[in-house]
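Encoded as structure tokens, the structure appears first; notes follow it.
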Amino acid sequence: MGVAIRRAGEGDREAVTRLLDEAFQDDPVSGWVFPDADHRRRTHPLLMRAFLDIVLDAGYVDVTEDGSACALWLSMPAEADEEDEDGPAQLREAVDPGNERVEQIGRLTAEAHPAGAAHEYLWMIAVRPGRQGEGLGTALIQHVLERCDGEGLSAYLEASSARSRELYERLGFVFTGSTVDLPAGPAMWPMWREPLSEPLSG
Numbered sequence: 004m005g006v007a008i009r010r011a012g013e014g015d016r017e018a019v020t021r022l023l024d025e026a027f028q029d030d031p032v033s034g035w036v037f038p039d040a041d042h043r044r045r046t047h048p049l050l051m052r053a054f055l056d057i058v059l060d061a062g063y064v065d066v067t068e069d070g071s072a073c074a075l076w077l078s079m080p081a082e083a084d085e086e087d088e089d090g091p092a093q094l095r096e097a098v099d100p101g102n103e104r105v106e107q108i109g110r111l112t113a114e115a116h117p118a119g120a121a122h123e124y125l126w127m128i129a130v131r132p133g134r135q136g137e138g139l140g141t142a143l144i145q146h147v148l149e150r151c152d153g154e155g156l157s158a159y160l161e162a163s164s165a166r167s168r169e170l171y172e173r174l175g176f177v178f179t180g181s182t183v184d185l186p187a188g189p190a191m192w193p194m195w196r197e198p199l200s201e202p203l204s205g
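Okay, structure coming up:
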């Protein structure tokens, strides 16, 4: 039985923010951005809401019908938009002005982001704790990858753990060769996927 997926709208904002917060509270990258656990519990939801606002405005969010998983996507043009250079600083000011890591991670991932080819960018994917391992994340990603293959469109993401990197490799993503190394923190793996002419066997 397939996973029912729909496009999120304004009415989903609060539920998706909570889902993102729950799913990423213990993520290595979130722990680096907010190393103090108490501060992370208070401030992490603000960052997740800000990310969601950006994607609802400029991209799209897919959610499973039961609300237990979501994927945030941006459709990137072949040429990068230089107007977003101040985005990381503005995000820091809005979310946690005293925390330079909020801005730093935005700048580091932007530097690693490939340019020159239109692609779908998987900014974040979240599965509610307790529902992980059921294939919900894979279903959300494949939902978009099938369209990418049909349209001859590439896809891109940054894996935040070795475990997630392995999952993305099974979906056809390839490590670009250079990690995003967070200062005194974890590595992230930029991964690119060319469109497939034949579907993955599965």
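Going from the sequence shown to our numbering is simple: count from 1 and add 3.
Each residue gets a CB set at the ideal place from its N, CA and C atoms; glycine is no exception.
The beta carbons of Glu68 and Pro91 sit no closer together than 9 Å. Exposure of Gly155 is indicated by the presence of fewer than 16 other C-beta atoms within 10 angstroms of its C-beta. Within the segment 112 to 157, the complete alpha helix (DSSP H) segments of 4 residues or longer fall at 139 to 154, listed in chain order. Close CB contacts of Arg44 within its chain, under the 8 Å cut and outside five residues either way in sequence, are with Gln28 (chain order). A distance of 9 Å or more separates the beta carbons of Pro193 and Glu169. Glu123 counts as buried, since no fewer than 16 other beta carbons sit within 10 angstroms of its beta carbon. For Val66, the secondary structure class from DSSP, reduced to helix, strand or coil, is strand. Secondary structure at Glu13: helix, using DSSP grouped into helix, strand and coil.
When the Cα atoms are used, Ala158 and Leu111 turn out to be separated by approximately 19 Å.
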